[in-house]
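Some notes on the structure that comes next.
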Amino acid sequence: MTSPRPLRQLARLPGHSDVAWHVAWNPKQPILASCSTDRDVRLFTYMDLPSGVSGQSETVFSLKEVIPTGHKRTVRHVSWSPSGEILATGSFDSTVGIWERIPDDMKDSSDPSEPEWDCTGTLEGHDSECKSVEFSYNGNLLASCSRDKSVWIWEVQPESDFECLGVMMEHTQDVKAVAWHPKEELLASASYDNTIKFYLDDPSEDWFCYSTLKGHTSTVWSLSFSPCGKYLASASDDLTIRIWRRYSADECENMGMESEGRIPGRAGDKWLELQRLEGQFTRSIYSLSWAMGDESDPMQAFGKLAAAGADGKIVVFYLVCAQKQGQLTGQGKDNDSDKFQVSVTAEMAQAHGASDINCVAWAPAKDGTTPPTMLASTGDDGEVLIWV
Numbered sequence: 398m399t400s401p402r403p404l405r406q407l408a409r410l411p412g413h414s415d416v417a418w419h420v421a422w423n424p425k426q427p428i429l430a431s432c433s434t435d436r437d438v439r440l441f442t443y444m445d446l447p448s449g450v451s452g453q454s455e456t457v458f459s460l461k462e463v464i465p466t467g468h469k470r471t472v473r474h475v476s477w478s479p480s481g482e483i484l485a486t487g488s489f490d491s492t493v494g495i496w497e498r499i500p501d502d503m504k505d506s507s508d509p510s511e512p513e514w515d516c517t518g519t520l521e522g523h524d525s526e527c528k529s530v531e532f533s534y535n536g537n538l539l540a541s542c543s544r545d546k547s548v549w550i551w552e553v554q555p556e557s558d559f560e561c562l563g564v565m566m567e568h569t570q571d572v573k574a575v576a577w578h579p580k581e582e583l584l585a586s587a588s589y590d591n592t593i594k595f596y597l598d599d600p601s602e603d604w605f606c607y608s609t610l611k612g613h614t615s616t617v618w619s620l621s622f623s624p625c626g627k628y629l630a631s632a633s634d635d636l637t638i639r640i641w642r643r644y645s646a647d648e649c650e651n652m653g654m655e656s657e658g659r660i661p662g663r664a665g666d667k668w669l670e671l672q673r674l675e676g677q678f679t680r681s682i683y684s685l686s687w688a689m690g691d692e693s694d695p696m697q698a699f700g701k702l703a704a705a706g707a708d709g710k711i712v713v714f715y716l717v718c719a720q721k722q723g724q725l726t727g728q729g730k731d732n733d734s735d736k737f738q739v740s741v742t743a744e745m746a747q748a749h750g751a752s753d754i755n756c757v758a759w760a761p762a763k764d765g766t767t768p769p770t771m772l773a774s775t776g777d778d779g780e781v782l783i784w785v
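Quick note: the sequence shown uses the working numbering, first residue 398, plus one each step.
Here it is in structure tokens:
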């Protein structure tokens with residue numbers, strides 16, 4: 398078996414003055430946002446420039462803007478809308494900030510120090526620390542979660558107005574993360590109560606929890622859907638990464654299982670644990686990021702999964718579906734034919750020195766089809782690092 402290669406540090410970005418919690422790549426523009434306990438959001442731009450050494454291009458980053466958010470406590474999470482025109486910030490002060498770029502015709506061209514982004518709204522409702530905010534795949538919805546055990550869903554309306562569509566109190570403990578399905582208005586949440594929950598909109602009622610996944614034996618810190626949406630990865634304090642597979646109602650029937658049916662054609666499916674990845678981490682796993690593979694090559698279609706956590710190590714897993722390799726043909730409830738062949742292709746111990754790593758995030762593909770190569774990480778040391 399080939400040994401994993403060490404990740405190469407491409408850039409060390411001007412750090413925050415306190416713990417750096419999260420990073421988010423703008424999906425449409427070359428901008429990377431980071432947030433921190435220092436309550437600022439930093440925006441970095443990047444571009445490819447020729448390298449005098451190799452003759453090949455190298456990606457160069459620069460600090461574009463520091464946004465003093467006005468949040469009264471830690472900014473825990475940042476998220477871009479799919480259009481790249483709206484930035485949401487989730488804070489321990491229990492609020493969600495909404496930020497938009499100031500139109501050119503409203504700027505003072507004589508003042509180069511004038512900020513480019515402006516706070517256009519503050520969403521209130523949580524009773525305690527907001528831990529995560531995420532836009533849906535189409536930008537129509539925004540989800541937030543909190544230490545108050547709640548998950549809120551907001552509708553994005555014209556003129557950047559936001560209306561609360563639902564408040565779910567399904568978890569019994571602190572909700573750590575929310576994640577939207579990449580192709581549907583399906584929401585997942587992870588909690589200190591060791592569970593994962595899924596939510597759908599019932600057209601005749603409100604948003605509701607239609608499924609609960611149990612399996613982790615400690616806090617679930619992070620969730621990441623596969624780009625195809627058929628799988629969900631979860632990371633936990635129990636030192637495991639679990640991959641869950643979605644089975645349709647027909648597949649459930651063929652396997653002799655009951656589906657989670659409530660709304661015909663929507664919730665008639667079931668999520669089951671497919672496999673576990675373990676043995677790579679010695680402390681809590683805080684963050685996951687699942688990147689697309691090369692869709693032109695069926696052997697790489699399921700891409701790569703980056704993970705990191707409290708032991709300061711970054712691990713990149715390479716996922717190949719065993720069924721595509723023709724190595725497994727098992728049928729039945731165990732459904733071994735769906736399992737991945739997993740290998741560790743890259744890693745970096747003590748990526749942030751002795752500090753915990755709080756977030757890893759793959760950059761978007763440059764042309765929408767080529768798998769990404771850049772990975773950003775943040776740590777308790779306040780640093781934002783870029784790896785390839």
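Ideal Cβ placement from N, Cα and C applies to all residues, glycine included.
All figures in this text were calculated on a predicted structure; none of them were measured in a lab.
Following the DSSP letters along the chain, one finds residue 748 in no beta strand (DSSP E), marked with neither H nor E.
Listed as beta-bridge partners of residue 706 by DSSP are 682.
Judged by beta-carbon spacing, residue 620 lies within the 8 angstroms limit of residue 576, meaning their Cβ atoms are closer than that value. Here residue 646 carries a helix assignment [DSSP, helix/strand/coil].
The closest CA to that of residue 651, considering only 683, 666, 714 and 407, is found on 666. In the structure shown, the three-state DSSP call for residue 755 is strand. The DSSP-derived three-state label of residue 488 is strand. With the rule of 3 Cβ pairs closer than 8 angstroms, the segment 754-761 counts as touching the segment 772-779.
Sequence-distant Cβ neighbours of residue 686 in its own chain, meaning closer than 7 angstroms and more than five residues away, are 621, 703, 757, 758 and 759. Partner residues in the beta bridge of residue 543, as assigned by DSSP, are 527. Distance from residue 633 to residue 641 at the Cβ level is roughly 12 angstroms; contact not present, criterion being Cβ atoms closer than 8 angstroms.
Rounded to whole angstroms, the gap between the alpha carbons of residue 638 and residue 542 is 21 angstroms. The closest CA to that of residue 521, considering only 482, 567, 468 and 478, is found on 468.
The segment 732-750 makes contact with the segment 398-412; the number of CB pairs closer than 8 angstroms reaches 3 or more. Residue 428: member of the beta strand (DSSP E) spanning 428-433, first to last residue. Residue 625: not part of any beta strand (DSSP E); DSSP gives it neither H nor E. DSSP, read as helix, strand or coil, puts residue 599 in coil.
Apart from sequence neighbours up to five positions away, the residues of its chain that approach residue 532 with a beta-carbon distance below 6 angstroms are 476, 478 and 539, ordered along the chain. For residue 499, DSSP records no beta bridge to any residue. Under the three-state reduction of DSSP output, residue 619 falls in the strand class. For residue 399, no beta strand (DSSP E) encloses it, and the DSSP letter there is neither H nor E. Contact between residue 566 and residue 546 holds, since their C-beta atoms are separated by about 6 angstroms, short of 8 angstroms. Taking residue 668 as reference, the option from 649, 677 and 682 with the minimal CA-CA separation is 649. Residue 436 and residue 778 have their C-alpha atoms roughly 15 angstroms apart. If you check the CB distance, residue 711 and residue 748 come in under 8 angstroms. Within 10 angstroms of the beta-carbon of residue 653 lie fewer than 16 other beta-carbons, which makes it exposed.
When DSSP states are grouped into helix, strand and coil, residue 459 belongs to the strand group.
When DSSP states are grouped into helix, strand and coil, residue 447 belongs to the strand group. Per DSSP, the beta bridge partners of residue 701 are 688 and 715. Counted as a single uninterrupted DSSP element, the stretch harbouring residue 478 is not any beta strand (DSSP E), since DSSP gives it neither H nor E.
As the crow flies, the alpha-carbon of residue 460 is around 28 angstroms from that of residue 574.
Residue 707 is a Cβ neighbour of residue 681, given a cutoff of 8 angstroms. Rounded to whole angstroms, residue 528 and residue 655 show a C-alpha spacing of 34 angstroms. Put simply, the backbone Cα of residue 454 is about 9 angstroms away from that of residue 444.
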